[in-house]
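Asks:
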Amino acid sequence: MLGLLINDKEKMELEYLLKREMDEILFDLQDDRIDHLVKRAINEKYNILFRLFKRVSTEEECLMYMRVKTNLTKGNQS
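One rule links them: number in my numbering = place in the sequence shown (from 1) + 724.
(1) Hey, how far is the Cα of K735 from the Cα of V762?
(2) Where R764 and R775 are concerned, what is the direct C-alpha to C-alpha distance, given to the nearest angstrom?
(3) Does S802 pass the burial test, meaning 16 or more other C-beta atoms within 10 Å, or should it be called exposed?
(4) Tell me, to the nearest whole angstrom, how far the beta carbon of F777 is from that of L742; I am working on the premise that it is less than 8 angstroms.
(5) Quick one: what does DSSP say R764 is sitting in, helix, strand or coil?
(6) Helix, strand or coil, according to DSSP, for V780 in the structure here?
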């Protein structure tokens, strides 16, 4: 476990960077040209970023970035 001391300005910058990266990932996940294996890796990255985001942002902001769990296996495409 690691601890991190940051001031309010650094917290705001961290929130901004996480939001920007998560927005980009959400956009990529909607792209049908991306292979399902790549999407699975992208989704894992999103989950890590979201866990970090939950630590520095408000509950309302977290709700905007919450995703519905989906199964990204090839056999479950309808």
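Each residue gets a CB set at the ideal place from its N, CA and C atoms; glycine is no exception.
Replies: The structure says:
(1) CA-CA distance, K735 to V762, rounds to 30 angstroms.
(2) When rounded, the distance between both Cα atoms is 17 angstroms.
(3) Because S802 carries a pLDDT of 43, less than 50, the predicted location of this residue cannot be relied on, and the following value inherits that uncertainty. Burial call: exposed.
(4) The C-beta separation of F777 from L742 comes to about 5 angstroms, placing the pair in contact by the 8 angstroms criterion.
(5) In this structure, R764 counts as helix in the three-state DSSP scheme.
(6) Note: V780 maps to helix in three-state DSSP.
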